[in-house]
Amino acid sequence: MLHSVPDIDNSEALTERQQAVLDAALRLLVEEGDNLTMTAVARRASCSKETLYKWFGDRDGLLTATVQWQASKVRVAPVDRKGLDLASLTASLERFASDWLRVISSDTSIALNRVAVGHAGSGKDDLGAIVLQNGRFALARRLKPVLEAGREAGLLDFDDAETAFRTFFGLVARDVQIRLLLGDRLQLTEAAIGDDAARATQQFLALHGSKTRRANNRPQGPGAG
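Taken in order, the sequence shown gives residues 53 to 277; the numbers are from my numbering.
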């Protein structure tokens with residue numbers, strides 16, 4: 053059964069001590085994979101198992117909070133729906149894209165996703181579903197309001213927010229995540245991440261920018277008029 057742990061949008065939802073515990077759990081996932089236990093986390097984080105059970109319920113609850121904590125590092129810059137312009141929309145999309153690329157290329161996320169893929173359909177636990185619900189699906193819930201605000205402001209043109217989100221997600225990720233999961237040693241520098249995020253955003257705007265904006269940006273030939 054999946055746990056109903058509140059979606060974590062930022063670090064303010066957790067105390068510093070809880071953040072430290074979840075960081076310890078993430079380090080253990082990197083080091084030991086699916087051997088993560090409440091006892092091991094308690095030992096690594098120098099806290100009691102009773103405290104872990106009080107905060108997270110059980111192992112699945114701890115895993116859920118751990119995935120949410122990792123996903124919270126992908127931020128969505130707030131936008132002003134009334135005064136939204138192309139520059140602020142572009143900045144919000146680029147920030148999301150660059151944060152997401154940093155997260156999926158981290159050793160922590162690679163290890164977490166490898167364990168989740170290995171458990172999918174195995175009946176061991178709900179880690180695969182936990183990662184989906186609190187990773188990709190939670191990110192969609194946070195970004196789609198920005199996309200819808202862009203449409204309301206006349207900057208974006210799409211029929212379905214989920215389809216638009218999947219398009220943007222695909223442009224950002226390309227084949228990066230699957231290559232990392234399969235062991236490719238991609239070196240994603242800050243400069244490369246910034247370039248990739250900007251490129252994905254511009255490609256998305258080329259596909260889903262409003263028809264009026266695209267028409268205004270289309271090069272005019274000598275005889276156009």
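The C-beta atom is built at its ideal place from N, Cα and C for all residues, glycine as well.
- In the three-state DSSP reduction, L223 falls in the helix class (H, G or I).
- By the 16-neighbour rule on beta-carbons within 10 angstroms, S98 is exposed.
- For G206, the three-state secondary structure derived from DSSP is coil.
- Rounded to the nearest whole angstrom, the CA to CA distance from L66 to T116 is 14 angstroms.
- Across the structure, I182 and R95 are spaced so that their CA atoms are roughly 24 angstroms apart.
- Remark: C-beta atoms of L257 and A205 do not approach each other more closely than 7 angstroms.
- A straight-line Cα-Cα distance of about 29 angstroms links L233 and T142.
- Annotated three-state conformation of G261 is strand, per DSSP.
- In this structure, the beta-carbon distance from A216 to R133 does not fall below 7 angstroms.
- With a 10 Å radius around the Cβ and a threshold of 16 neighbouring Cβ atoms, N165 comes out buried.
- Around the beta carbon of E146, a 10 Å sphere encloses 16 or more other beta carbons of the protein chains shown; the residue is thus reported as buried.
- Every unbroken stretch of the alpha helix (DSSP H) spanning 4 or more residues and falling wholly within the region 133-211 is given here in chain order: 138-156, 159-171, 179-183 and 189-204.
- When rounded, the separation of the alpha-carbon atoms in Q185 and P130 is 22 angstroms.
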